[in-house]
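Participant: The structure that follows is given in the form of structure tokens.
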Amino acid sequence: MSIAMRPSQALRLWQQVMLSQVRDDAPDLTMRQTAILFTIYLDPPPHTVRGLAARLNVTKPVITRALDTMGALKLVSRHRDELDKRNVLIKRTVEGALFVERFGDGIIARAHELPI
């Protein structure tokens, strides 16, 4: 599905989505953490620290720090790969799935409020 938007409309939508996140009692994630979280939930698994670092073009420590924060918030969990102990698999959680779904719902709601 394609929608036509002017840059000012796209920016207004993004602003409204961000404002609703700030006003809500949702976890306060950085842009990088949000990008990692959405990659975990929107791209098919399995997800590893190494794979996420390559996908987002950042270092493994960047991914690890973000996962530390998101793990503490129960948005993701980490487990050693039983087949290759060098890999850490990142798993989705119920809390994380709900967060991502609510975020998507918020985008839809804010988009409906945009002036035509």
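Read in UniProt numbering, the sequence shown has 42 at position 42, and its numbers run on one by one without any break.
We put the CB at the ideal spot given by N, CA and C, even for glycine.
(1) Could you have a look at V76 and say whether DSSP puts it in helix, strand or coil?
(2) Roughly how many angstroms separate the alpha carbons of T48 and D68, rounded to a whole number?
(3) Cutting at 7 Å between CB atoms, please list the residues of its own chain near T93, excluding the five before and the five after it.
(4) Could you tell me which of V17, A26, R32, A66 sits nearest to I90, measuring between CA atoms?
(5) Within the continuous beta strand (DSSP E) that includes L89, where are the two ends?
(6) According to the neighbour-count rule (16 or more other Cβ atoms, all chains shown, within 10 Å of its Cβ), is I63 buried or exposed?
(7) Is it a yes or a no for the segment 51–58 touching the segment 97–111, going by three-plus beta-carbon pairs under 8 Å?
(8) I'd like the ranges of any beta strand (DSSP E) spanning at least 3 consecutive residues and lying wholly in the UniProt domain "HTH marR-type" (1–116).
(9) So, under 8 Å CB-CB, V17 and R110 are touching, yes? Tell me the CB distance rounded to an integer number of Å.
Facilitator: On the basis of the coordinates in this document:
(1) As a working note, residue 76 is residue 76 in the sequence shown. In this structure, V76 counts as strand in the three-state DSSP scheme.
(2) Here residue 48 refers to the residue found at position 48 of the sequence shown. Here residue 68 refers to the residue found at position 68 of the sequence shown. Those two C-alpha atoms are separated by around 14 Å.
(3) What you label residue 93 is simply residue 93 of the sequence shown in a count that begins at 1. Around T93: K74, L75, V76, S77.
(4) On the sequence shown, position 90 is the one that residue 90 refers to. The candidate whose alpha carbon is nearest that of I90 is A66.
(5) By one-based count along the sequence shown, residue 89 stands at place 89. 88–92 is the extent of the beta strand (DSSP E) around L89.
(6) Looking up residue 63 in the sequence shown gives position 63. Classification for I63: buried.
(7) no
(8) 76–80, 88–92
(9) Position 17 of the sequence shown holds residue 17. Position 110 of the sequence shown holds residue 110. Right, the Cβ-Cβ distance comes to about 5 Å (below 8 Å), so this counts as a contact.
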